[in-house]
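In the UniProt record's numbering, the protein residues as written are 1 to 324. Even for Gly, the Cβ is constructed at its ideal location relative to N, Cα and C. All remarks here apply to the structure that follows.
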Ligand SMILES: Cc1cc2nc3c(=O)[nH]c(=O)nc-3n(C[C@H](O)[C@H](O)[C@H](O)COP(=O)(O)O)c2cc1C
């Protein structure tokens, strides 16, 4: 399938694996790219720019196809060495960067000068328009359903995607709640040129995480995620567990007085224990409502082939309806 996104990024299928902390390692990105999608290494999971340079080199050893790097701009006190990460990306010959979090304006000129395509992930039409106005090549429009940070507007993709299509001139992909061929056809119907998936890609054979994480997603239904950190205006959709219930109890008790320090134990530095060691109750970890649509743990190749086959069957059925 050819779309503005496959052409822009030089990929076979219009499917992107979004950056995911402690999931988006070289193994994940290479598996998605080898299956014809766009795999993405998560920049900040690598402690230093040198570590990122190594991860990019490892990925290049595993795939000859294009892959990207995610750069997330976080509201932190000690900002990571973003110029260093940008240098590692440019020197590593990466062709696509997914930016997320805050406005990527500060790094954009360096990436553009190096000929890198930038897709900015955002959760509202106004932020998508801003990304377009500062020169991003594409946007990833992340609806309320998404795993991770859905923003504070709570607009689900049935509204957000057609709204984005009505306003944007640059291509965009849907993100949040995407799982299968139905998601892809629906995204195309809404005007997107492809789709981005997070949670669905964790439940694949190649995802470099503990099996407990994959089994937790498999066991979860669409009712099992929770929104945390809303009082801090840093809302995150996570899978419910004992730590999340404790965190939500603190949010209820402290109300508007809640500070980040009150919940630090449940949210800070918990990803390695969860993703590597499989300690599922260690803290809050991002997961989308789409967990309810995850029924198996295929390889990335099987998953992407199945999505494309199902999408083309649906399109064929629609065409038959039109002719009837
Ligand atoms: C475990 C996990 C970690 C994530 N970490 C990041 C991250 O570090 N940076 C980022 O931009 N997005 C991150 N995301 C969001 C994904 O890139 C993607 O936008 C989101 O998962 C899409 O929603 P879905 O899970 O319904 O497919 C994460 C998502 C998950 C599930």
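When the Cα atoms are used, residue 313 and residue 254 turn out to be separated by approximately 52 Å. At a cut-off of 8 Å, the beta-carbon of residue 140 counts as near ligand 1: some heavy atom of the ligand is closer than that. At a threshold of 8 Å, residue 227 does not count as near ligand 1, since its beta carbon sits no closer than that to any of the ligand's heavy atoms. For residue 143, the three-state secondary structure derived from DSSP is coil. Here the alpha carbon of residue 145 sits roughly 6 Å from the alpha carbon of residue 156. Judged by DSSP secondary structure, residue 242 falls within the alpha helix (DSSP H) whose first and last residues are 242-254. Residue burial is scored here from C-beta neighbours: residue 75 has fewer than 16 other C-beta atoms within 10 angstroms and is therefore classed as exposed.
Contact between residue 13 and residue 39 is ruled out by a C-beta separation of about 12 Å, above the 8 Å threshold. Under DSSP, residue 195 forms a beta bridge with 15 and 174. The three-state reading of DSSP puts residue 260 in helix, counting H, G and I together.
Within the same chain, and ignoring the five residues on either side of residue 191 in sequence, the residues whose Cβ sits closer than 6 Å to its Cβ are 165.
In this structure, residue 290 sits near residue 197, with a CB-CB distance shorter than 9 Å. Annotated three-state conformation of residue 6 is helix, per DSSP.
Across the set 56, 70 and 242, the C-alpha of 56 shows the shortest separation from the C-alpha of residue 64. Membership of residue 157 in the alpha helix (DSSP H) is indicated by the continuous run 157-167. Judged by DSSP secondary structure, residue 121 falls within the beta strand (DSSP E) whose first and last residues are 117-122.
DSSP, reduced to helix, strand and coil, places residue 26 within a helical segment of the structure shown. The straight-line gap separating the alpha-carbon atoms of residue 140 and residue 175 is approximately 6 Å. Secondary structure remark: continuous alpha helix (DSSP H) runs of at least 4 residues inside the region 30-106, in chain order: 49-62 and 82-91.
Below 8 Å, enough C-beta pairs join the region 203-223 and the region 277-284 to call them touching: three or more. As a beta-bridge residue in DSSP terms, residue 225 pairs with 239. Beta-bridge partners assigned by DSSP to residue 286: 238. Inter-segment contact for the region 292-303 and the region 247-265 is absent: fewer than three beta-carbon pairs are separated by less than 8 Å. Boundaries of the alpha helix (DSSP H) harbouring residue 110: 108-113, taken from the DSSP string. Bounds of the alpha helix (DSSP H) holding residue 130 are 125-134.
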